[in-house]
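Taking the numbering used here, the leading residue of the sequence shown gets 21, the next gets one more, and so forth.
Written below as structure tokens is the structure these notes are about.
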Amino acid sequence: MRALHSYILILLVFILTWTSCDVIEEPYLRDGVTPPPDTSACPVPVFPDPGPALQYVLLEDYTGHKCPNCPEAAKLAHDLQAQWGSRLIVLTIHAGWFATFGSAPYTTDYTTPAGDAWDQTFGISNVGNPNGMVNRTGYAQTHIVGPANWAGRIQDEMQQTPKLSMQLITDYTDSERKLCAHVRTTWLSDMQEALNLVVVMTEDSLVSPQKNNNPQIGPVPDILEYTHMHVLRHTLTTTWGNSISSPDSLLVAGTRKIHTFRYDLPEANMPKQCHIVAFVYQTSNYRILQVVEAPVVQP
């Protein structure tokens, strides 16, 4: 009987250990990069205890440097982030007519292939800027949210029970301009559906002209030295992300997966001004379940 009890105890320990192990996935394709970037020089770090499970929220602010009402919306996004702290992540996407460039003083190109694709799919600039989305909820009828409703939608999302938790560790080598980004996703409940992981890079403190019609924010009609923040610059995955689960397999609560991405930072980007943003969404309705952000250069 004692031998049987010992066997059962060993089996339970094995099961608990096995189910709590991280599953390290293979590198994924990135837009315009085939084969996947070599991540052999990006050893997977040891992730710390994630702590309490909290719901984080992504506010996508669709904008353009020719949009005169957009500086006021950007200030609102800044104020909301100050209110919610790290739990609110802002992603500024320059797309549509207001983001066109070429004629002085608007010669800077802040558009991206991913931003253009998202704008076309979600129809943001067709409605007009400034507008945005909060965790991409409400698709396909009520996903476009005007600045006046950002606070309420964010409040609603913050109160959701998280289905996933995410951690993000970055490692940047300046001599090679090599960035390694490691994303760990933990399932907090049983799930059996198609989920995609999107990883992008943003950049802050980009100074260039911006249209403006609010004298309380700056000169009217043009702020020639406007500071653009949270600007979408590059994607480390494909535009619509890489699959991390499918309806064909059940992932039980406690399942953990690690995905590693390598990116060679272009000379035009300032590492200390850049962040990595990673989010997981349901492919059936684009709803973002969780999001995480980390600076490229650790403070």
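From the three backbone atoms N, C-alpha and C, an ideal C-beta is built for every residue, glycine too.
Model, not experiment: these values are computed from the prediction.
N- and C-terminal bounds of the alpha helix (DSSP H) containing residue i
i: Thr141; result: 133-142
i: Asp176; result: 170-178
DSSP bridge partner residues for residue i (one or two, in chain order)
i: Ile189; result: His202
i: Asn151; result: Tyr82
i: Asn89; result: Bridge partners of Asn89: none, in fact.
i: Val317; result: Partner(s): none; Val317 has no beta bridge.
i: Glu330; result: Only positions 21 to 319 of the chain appear in the structure, and residue 330 is not among them; the question remains open.
i: Lys277; result: Val43, Thr205
i: Asp242; result: Lys231
i: Val64; result: Paired residue(s): none; Val64 is not in a bridge.
i: Arg282; result: Cys200
i: Gln310; result: Val300
i: Leu271; result: Met211
i: His339; result: Residue 339 is absent from the structure shown; the chain starts at 21 and stops at 319.
i: Arg50; result: Val53
i: Leu256; result: Partner(s): none; Leu256 has no beta bridge.
i: Leu184; result: Trp207
Residue closest to residue i, alpha-carbon to alpha-carbon, out of the options
i: Arg156; options: Leu226, Pro125, Val77; result: Val77
i: Thr131; options: Ile174, Ile144, Gly143, Gly84; result: Gly84
i: Asp99; options: His114, Leu79, Ala115, Phe118; result: Leu79
i: Asp69; options: Met186, Trp117, Thr112; result: Met186
i: Ala201; options: Ile237, Val64, Asn289; result: Val64
i: Cys294; options: Val240, Met178, Asp191; result: Asp191
i: Ile113; options: Asn305, Pro286, Met221; result: Met221
i: Gly116; options: Tyr126, Thr127, Lys86, Glu92; result: Lys86
i: Glu9; options: Gly148, Leu217, Tyr159, Leu184; result: Any property of residue 9 remains undetermined from this structure, which presents the chain solely from 21 to 319.
i: Asn234; options: Pro88, Pro57, Pro55; result: Pro88
i: Pro56; options: Glu287, Arg282, Tyr301; result: Arg282
i: Ala94; options: Gly105, Val43, Ser106, Gly152; result: Gly152
i: Thr280; options: Pro267, Ile308, Ile189; result: Ile189
i: Gln179; options: Leu74, Val312, Ala288, Val311; result: Leu74
i: Ala314; options: Gly122, Asp51, Leu108, Gly238; result: Leu108
i: Ala61; options: Thr303, Lys277, Glu196, Gly238; result: Glu196
i: Ser127; options: Val272, Ser228, Ile278, Ile308; result: The amino acid occupying residue 127 in the given sequence is Thr; Ser does not appear at that position. Among Val272, Ser228, Ile278, Ile308, the Cα nearest to that of Thr127 belongs to Ser228.
DSSP three-state assignment for residue i, whether helix, strand or coil
i: Arg197; result: coil
i: Leu108; result: strand
i: Leu100; result: helix
i: Asn216; result: strand
i: Phe121; result: coil
i: Ala160; result: coil
i: Asn305; result: coil
i: Asp69; result: coil
Bounding residues of the beta strand (DSSP E) (the contiguous stretch that carries residue i)
i: Ile264; result: 262-265
8 Å Cβ cutoff, residue i in contact with chain C
i: Arg173; result: This model lacks chain C altogether, as it is built from one protein chain only.
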